[in-house]
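Chemist: Let me begin by handing over the structure; questions about it come next.
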Amino acid sequence: MNSRQIAFLRLLLEQEEYLPVSCYAGKMDVSDKTLRRMIPGVNEILESYGGAVESRPGTGIKLEISGEERERLMNSAYMMELMDSSTLSRSWNQLSRRMDIALNLLLYSDETTSLSGLAYKYYVSKSSIAGDLKALAPFARKHELNISQGHGGTSVEGTESCLRKALAELLLYILNNNMNANTGGNPSAAGMFESDTLMTILDIFTEEDLNFVEGRIRHIEASAGYRFDEREYMQFSVSLLVMIDRVRNGFFMEPVLKSNYRKQERDPLDAIAFELASRMSGAYRYTLSVSETAHIYNILSSTHLGNFLMHRELPEEESRKTAVAFGEDFIDAFSVITGINLRTKSTFYVNVVSHITLMLNRAAASTPARNPIIDILLDNYKGTINVCQIICRILTEKFRLPEISFDEICYLMLYIQGELLADEEKMNVILVSNMSNSITNILKHKLSQNYPQWTVLSCDYNRFLETSQKQYDLILSTVPLGSREHVIPYVLVSPLLDEKDCAAVNNLLKSRRHREDFYLRELIRTRNDLNDIGCAIEVRKRKATEIPAAGFLKVAALKDVEFVYIHNEAGINKCEFVTDLLRKKLDKVIMNMSNWDFMLFASKMVYLMDNCPDWAMTEFIQNIITEGR
Numbered sequence: 006m007n008s009r010q011i012a013f014l015r016l017l018l019e020q021e022e023y024l025p026v027s028c029y030a031g032k033m034d035v036s037d038k039t040l041r042r043m044i045p046g047v048n049e050i051l052e053s054y055g056g057a058v059e060s061r062p063g064t065g066i067k068l069e070i071s072g073e074e075r076e077r078l079m080n081s082a083y084m085m086e087l088m089d090s091s092t093l094s095r096s097w098n099q100l101s102r103r104m105d106i107a108l109n110l111l112l113y114s115d116e117t118t119s120l121s122g123l124a125y126k127y128y129v130s131k132s133s134i135a136g137d138l139k140a141l142a143p144f145a146r147k148h149e150l151n152i153s154q155g156h157g158g159t160s161v162e163g164t165e166s167c168l169r170k171a172l173a174e175l176l177l178y179i180l181n182n183n184m185n186a187n188t189g190g191n192p193s194a195a196g197m198f199e200s201d202t203l204m205t206i207l208d209i210f211t212e213e214d215l216n217f218v219e220g221r222i223r224h225i226e227a228s229a230g231y232r233f234d235e236r237e238y239m240q241f242s243v244s245l246l247v248m249i250d251r252v253r254n255g256f257f258m259e260p261v262l263k264s265n266y267r268k269q270e271r272d273p274l275d276a277i278a279f280e281l282a283s284r285m286s287g288a289y290r291y292t293l294s295v296s297e298t299a300h301i302y303n304i305l306s307s308t309h310l311g312n313f314l315m316h317r318e319l320p321e322e323e324s325r326k327t328a329v330a331f332g333e334d335f336i337d338a339f340s341v342i343t344g345i346n347l348r349t350k351s352t353f354y355v356n357v358v359s360h361i362t363l364m365l366n367r368a369a370a371s372t373p374a375r376n377p378i379i380d381i382l383l384d385n386y387k388g389t390i391n392v393c394q395i396i397c398r399i400l401t402e403k404f405r406l407p408e409i410s411f412d413e414i415c416y417l418m419l420y421i422q423g424e425l426l427a428d429e430e431k432m433n434v435i436l437v438s439n440m441s442n443s444i445t446n447i448l449k450h451k452l453s454q455n456y457p458q459w460t461v462l463s464c465d466y467n468r469f470l471e472t473s474q475k476q477y478d479l480i481l482s483t484v485p486l487g488s489r490e491h492v493i494p495y496v497l498v499s500p501l502l503d504e505k506d507c508a509a510v511n512n513l514l515k516s517r518r519h520r521e522d523f524y525l526r527e528l529i530r531t532r533n534d535l536n537d538i539g540c541a542i543e544v545r546k547r548k549a550t551e552i553p554a555a556g557f558l559k560v561a562a563l564k565d566v567e568f569v570y571i572h573n574e575a576g577i578n579k580c581e582f583v584t585d586l587l588r589k590k591l592d593k594v595i596m597n598m599s600n601w602d603f604m605l606f607a608s609k610m611v612y613l614m615d616n617c618p619d620w621a622m623t624e625f626i627q628n629i630i631t632e633g634r
């Protein structure tokens with residue numbers, strides 16, 4: 006339930022007589038049309054209370070519900086409003102607010118909204134809203150749209166095709182941000198999206214819509230023998246859902262000639278688009294025009310399905326074997342690097358091998374996937390990307406495959422990062438609170454949003470003193486605890502779990518990951534392991550003007566270390582890393598290797614160096630240089 010629905014319910018509960026729709030719309034600062042759109046969703050909520058919004062022509066609407074259920078609903082609505090307002094007042098940061106404004110402008114493109122209404126919704130001034138609209142102007146211009154502000158209010162103007170593209174892109178951005186937040190990103194962003202924006206998205210797409218789209222995509226995959234990767238699936242499904250919602254609400258594509266959208270004669274995508282349009286017409290009982298069929302075709306052409314169909318004459322079995330071998334080496338390399346046995350994670354294994362199969366097909370067809378969030382990924386996961394880049398390049402050399410694009414590597418990295426975050430964040434937490442059950446439950450709800458991998462047990466202070474702490478990893482308490490009352494890490498939090506509390510928890514988690522000398526010991530152990538398996542390790546002094554050896558891959562790690570991987574046709578493999586961390590002396594460490602597997606193993610150095618604290622890195626470099634000499 007989103008904030009609009011909660012507010013509408015509260016207004017209905019306050020009245021026992023029929024009132025015009027315009028009366029409720031005026032109080033909520035929305036149009037009559039918008040309010041009428043809300044009624045079916047509110048009725049779904051009211052079903053569990055035996056109630057409904059009754060409409061009487063010429064009179065208005067009112068809530069029909071028994072006295073007992075009215076009281077129960079009133080209590081529920083109050084709690085929902087409390088949770089919603091407490092979340093929003095703390096979670097609407099500038100970016101999330103702007104995204105929500107853009108979403109609603111695009112969804113209700115035929116309506117206007119006032120600055121005062123937006124200011125009230127987001128708990129900010131009208132000047133802040135004006136700044137938000139100005140900041141959204143470049144996004145609108147990118148999609149050939151215009152944000153119009155006049156006496157009647159603010160609205161977005163543009164062609165239907167541009168509106169749909171902008172809406173699909175925005176929805177994908179919001180959904181991707183929500184997933185990132187829930188896997189280690191901004192906790193406040195995760196809370197915001199789940200409380201209001203995501204509910205808005207869920208409200209416009211019915212269960213029937215979701216089932217239809219999923220069913221048609223799976224049918225296309227089965228018929229074509231193709232599997233959409235995660236990015237393609239999201240983009241395809243969201244674009245179709247946007248189309249369904251727009252057509253349902255009376256928004257249609259501009260006329261277009263069929264000949265203008267066909268790329269070539271006998272284009273396989275043409276037949277798929279026509280069949281999908283026919284199925285959609287049957288399911289939703291409206292006839293789609295040539296323009297809408299052309300729109301479906303354009304959605305399909307943004308995937309790699311067309312290229313796959315053109316290149317599937319390649320020997321499938323041979324291609325599959327190579328992809329499996331590539332995938333197994335990739336997974337094994339990261340298993341060694343991270344210390345997590347990824348082979349035992351069956352779902353992960355299948356997903357990675359399936360993704361690599363498609364990735365290699367795209368590489369062979371010279372149609373790499375474009376990754377629109379590279380900058381975001383580099384800001385957050387550059388260390389993992391570095392290692393993924395190394396492993397992919399080594400394996401393409403090993404199997405004599407076309408080079409894999411950086412965009413593709415970043416997509417592949419997400420599988421690994423997801424497993425790393427899941428492994429890091431699994432914790433058993435005990436929550437100590439003497440607050441009421443309602444407040445404690447709200448606090449547990451916020452914890453589940455910010456830390457979905459946690460298992461949380463709540464108890465009061467007296468019960469906590471009788472509880473063994475051995476089975477838990479962390480204590481969160483709204484009650485101050487003495488040093489003798491806890492034997493495991495503990496954080497004092499407020500009942501509202503604000504940003505300051507989340508920062509304190511995150512700082513503790515970070516310090517636990519960088520515990521004592523873990524990384525230093527792992528770095529030294531890896532160096533020794535490489536030496537044991539036959540990698541000759543040599544430290545050379547180099548001049549400041551010396552040009553590093555040319556290799557097939559060069560990677561700049563996060564700790565001012567440059568790695569160069571070298572291979573020649575004689576089968577000689579080397580890994581060199583250069584550092585000037587210590588007194589700017591420019592040392593070069595060379596590891597001579599006899600096979601590809603050794604090079605994969607050496608990439609563990611990059612992973613450890615990227616993730617270790619600075620002091621451990623400095624001490625390791627000093628250690629390896631001293632011992633090498």
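Sequential numbering from 6 applies to the sequence shown in the working numbering. Just so you know, even glycine gets a beta-carbon here, dropped at the ideal spot from N, CA and C.
According to DSSP, isoleucine 435 sits in a beta bridge with which residue or residues?
Modeler: Leu462 and Ile480
Chemist: Compute the Euclidean distance between the alpha carbons of leucine 462 and threonine 445, then round it to the nearest angstrom.
Modeler: As the crow flies, the alpha-carbon of leucine 462 is around 11 Å from that of threonine 445.
Chemist: Could you check the C-alpha separation between threonine 401 and valine 295 for me, to the nearest Å?
Modeler: 44 Å
Chemist: Compare the C-alpha of serine 119 against each of Thr159, Gly332 and Met614 and name the closest.
Modeler: When each option's Cα is compared against that of serine 119, the closest is Thr159.
Chemist: Does the Cβ-Cβ distance between tyrosine 54 and glutamate 74 come in under 8 Å?
Modeler: yes
Chemist: Which residue or residues does DSSP assign as beta-bridge partners of glycine 155?
Modeler: Gly158
Chemist: According to DSSP, simplified to helix, strand and coil, what is tyrosine 302?
Modeler: Correct three-state label for tyrosine 302: helix.
Chemist: Would you call the CB atoms of leucine 281 and isoleucine 301 closer than 8 Å?
Modeler: yes
Chemist: Alpha carbon to alpha carbon, what distance is there between asparagine 533 and isoleucine 629?
Modeler: The straight-line gap separating the alpha-carbon atoms of isoleucine 629 and asparagine 533 is approximately 10 Å.
Chemist: Helix or strand or just coil, what does DSSP make of lysine 579?
Modeler: strand
Chemist: Could you tell me which residues DSSP pairs with serine 60 in its beta bridges?
Modeler: Ile66.
Chemist: Tell me which residues share the same chain as isoleucine 336 and place their Cβ nearer than 7 Å to its Cβ, disregarding the 5 neighbours each side in the sequence.
Modeler: Leu347, Arg348, Tyr354 and Val357
Chemist: Using DSSP with H/G/I as helix, E/B as strand and the rest coil, what is lysine 559?
Modeler: strand
Chemist: Taking the alpha-carbon positions, what's the arginine 42 to glycine 63 distance?
Modeler: Just so you know, the alpha carbons of arginine 42 and glycine 63 end up roughly 18 Å apart.
Chemist: Would you identify the three-state DSSP class for tyrosine 231, choosing helix, strand or coil?
Modeler: coil
Chemist: In whole angstroms, what separates the C-alpha of aspartate 443 from that of aspartate 465?
Modeler: The residue you asked about is not aspartate; residue 443 is serine in the sequence shown. Straight-line Cα distance between these residues: approximately 13 Å.
Chemist: Since isoleucine 310 contacts alanine 229 with CB under 8 Å, what's their CB separation in whole angstroms?
Modeler: Sequence inspection shows leucine at residue 310; the isoleucine mentioned does not correspond to that position. The pair is a contact, with the Cβ atoms about 6 Å apart (cut-off 8 Å).
Chemist: Span of the alpha helix (DSSP H) holding valine 496?
Modeler: Where valine 496 is concerned, there is no enclosing alpha helix (DSSP H), although the beta strand (DSSP E) it sits in stretches over 495–497.
Chemist: Do the segment 245–261 and the segment 212–222 meet, that is, are 3 or more Cβ pairs less than 8 Å apart?
Modeler: The segment 245–261 is in contact with the segment 212–222.
Chemist: Going by C-alpha distance, which of Ser244, Leu123 and Glu259 is nearest glycine 136?
Modeler: Checking every option, the nearest Cα to that of glycine 136 belongs to Leu123.
Chemist: Tell me the residue span of the alpha helix (DSSP H) that contains isoleucine 50.
Modeler: 37–51
Chemist: Hey, is the segment 142–159 in contact with the segment 231–238, meaning 3+ C-beta pairs nearer than 8 Å?
Modeler: No contact exists between the segment 142–159 and the segment 231–238.
Chemist: Under a Cβ-count criterion, where at least 16 other Cβ atoms within 10 Å of its own Cβ denotes burial, should isoleucine 538 be classed as buried or exposed?
Modeler: Classification for isoleucine 538: exposed.
Chemist: How is leucine 486 classed by DSSP in three states: helix, strand or coil?
Modeler: coil
Chemist: Quick one: which unbroken beta strand (DSSP E) runs of 3-plus residues sit fully inside the segment 327–410? Chain order, please.
Modeler: none
Chemist: So is histidine 360 buried or exposed if we call it buried at 16+ other beta carbons inside 10 Å?
Modeler: buried
Chemist: Just list the residues that DSSP pairs threonine 118 with in beta bridges.
Modeler: Thr159
Chemist: Tell me, which residues are paired with phenylalanine 257 by DSSP?
Modeler: Phenylalanine 257 is not bridged to any residue.
Chemist: Kindly indicate which three-state DSSP category leucine 502 falls into: helix, strand or coil?
Modeler: coil
Chemist: Which partner residues of phenylalanine 568 appear in the DSSP bridge assignment?
Modeler: Val560 and Phe582
Chemist: Per DSSP, what kind of secondary structure is leucine 293 in: helix, strand or coil?
Modeler: coil
Chemist: Where glycine 344 and alanine 607 are concerned, what is the direct C-alpha to C-alpha distance, given to the nearest angstrom?
Modeler: 14 Å
Chemist: Pick from Ala561, Lys403 and Lys126: whose alpha carbon is nearest that of aspartate 602?
Modeler: Lys403
Chemist: Report yes if the CB atom of serine 244 is closer than 8 Å to the CB atom of alanine 173, and no otherwise.
Modeler: yes
Chemist: Assign alanine 561 to buried or exposed, taking buried as 16 or more other Cβ atoms, counted over all protein chains shown, within 10 Å of its Cβ.
Modeler: Burial call: exposed.
Chemist: Have a look at Leu479, Glu413, Gly31 and Ile447 and flag the residue whose alpha-carbon is nearest the alpha-carbon of tryptophan 459.
Modeler: Leu479
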